[in-house]
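Right, one structure below, let's go through it.
In our numbering, the protein residues as written are 233 to 451.
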């Protein structure tokens, strides 16, 4: 898959947001797509869109949403096989270029209960207006915490450097005091933060101004 240009990404997420709103499904975009949409760095690119949906009384899980997108909006979405599992992909049409399939990875807290960060009722979110459509993202604070964790979990991989780059980008966008930035009761976050600061000691003061962590910052 080719990385998406900034305008292409904005077009994809605005259409996706319209379709989710029409289905009355609450959601938040995460990962590289959210980072690109929030980041002032035009060189930051992504190839796909990851999102979490809220499962309400209708029990529309990630798998059921995939089926709904493929049947109700078949002109815009098609199924692609990813590791033996069908996920939706948006058909991105551009003038003078072949149609590009943009894969959508959909998650939900009820299907992944081991990931409490996917609980939209407790997560902090941010709204952006893109192409006259409100698009819901996880907040910079949520993304910063997840990137601190992922750089620790993906040590030695090519993605570790991207995670650290995203951390540096997100820090100025965050507000101290947001629940996601209180690491005092989360041992995994504390370990990940300590690991990050061993690799990037220059970040100590900027992160101390944003994150509560008695173990490391005595704050």
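No residue lacks a Cβ here, since even glycine has one placed at the ideal position from N, Cα and C.
> What alpha helix (DSSP H) runs, 4 residues minimum, are completely inside the region 291-365?
Replying inline: 294-304
> Where does residue 260 sit, in a helix, a strand or coil, going by DSSP?
Replying inline: Taking the first residue of the chain shown as 1, we reach residue 260 at position 28. Residue state, collapsed to three classes: strand.
>> Give me the DSSP bridge partner(s) of residue 281.
In response: Here residue 281 refers to the residue found at position 49 when the chain shown is read from its first residue. 336, per the DSSP bridge assignment.
> On the three-state DSSP scale, how would you describe residue 442?
Replying inline: The count along the chain shown starts at 1 and reaches residue 442 at position 210. Three-state DSSP puts residue 442 in coil, outside helix and strand.
> If you drop the 5 nearest sequence neighbours on each side, which residues of the same chain put their C-beta closer than 7 Å to that of residue 365?
Replying inline: In the chain shown, the residue the question calls residue 365 occupies position 133. Closer than 7 Å at the Cβ level, and outside the excluded window around residue 365, lie 246, 249 and 250.
>> Can you give me the C-alpha to C-alpha distance between residue 438 and residue 378, rounded to a whole angstrom?
In response: Numbered from its first residue, the chain shown carries residue 438 at position 206. Numbered from its first residue, the chain shown carries residue 378 at position 146. Straight-line Cα distance between these residues: approximately 17 Å.
>> Counting only beta-carbon separations shorter than 8 Å, does residue 325 have a partner in chain E?
In response: The displayed structure is made up of one protein chain only, and chain E is not part of it.
>> Judging by CA-CA distance, which residue of 255, 244 and 256 is the nearest neighbour of residue 266?
In response: On the chain shown, residue 266 is found 34 positions in, with the first residue counted as 1. Out of 255, 244 and 256, 244 has the C-alpha closest to the C-alpha of residue 266.
>> Looking only at its chain, what residues have a beta carbon closer than 6 Å to the beta carbon of residue 376, apart from the 5 residues adjacent to it on each side?
In response: Walking along the chain shown from the start, residue 376 turns up at place 144. Within the same chain, residue 376 has close Cβ partners 402 and 406.
> What number of angstroms, rounded off, separates the C-alpha of residue 428 from the C-alpha of residue 307?
Replying inline: To locate residue 428, count along the chain shown from 1; it is residue 196. To locate residue 307, count along the chain shown from 1; it is residue 75. Rounded to the nearest angstrom, the two C-alpha atoms are 44 Å apart.
>> So, for residue 436: in the same chain, excluding its five sequence neighbours on each side, which residues have a beta-carbon less than 6 Å away from its beta-carbon?
In response: Taking the chain shown and counting its residues from 1, the one referred to as residue 436 is at position 204. These residues qualify, in order along the chain: 429.
> Which residue from 252, 432 and 334 puts its Cα closest to that of residue 396?
Replying inline: The residue labelled residue 396 in the question sits at position 164 within the chain shown. The shortest Cα separation from residue 396 among 252, 432 and 334 belongs to 432.
> Quick one: what does DSSP say residue 415 is sitting in, helix, strand or coil?
Replying inline: By one-based count along the chain shown, residue 415 stands at place 183. It is coil, neither helix nor strand.
>> I'd like to check one pair, residue 287 with residue 278: are the Cβ atoms closer than 8 Å?
In response: Here residue 278 is taken as the residue at index 46 of the chain shown, counted from 1. Here residue 287 is taken as the residue at index 55 of the chain shown, counted from 1. The answer is no: Cβ separation not under 8 Å.
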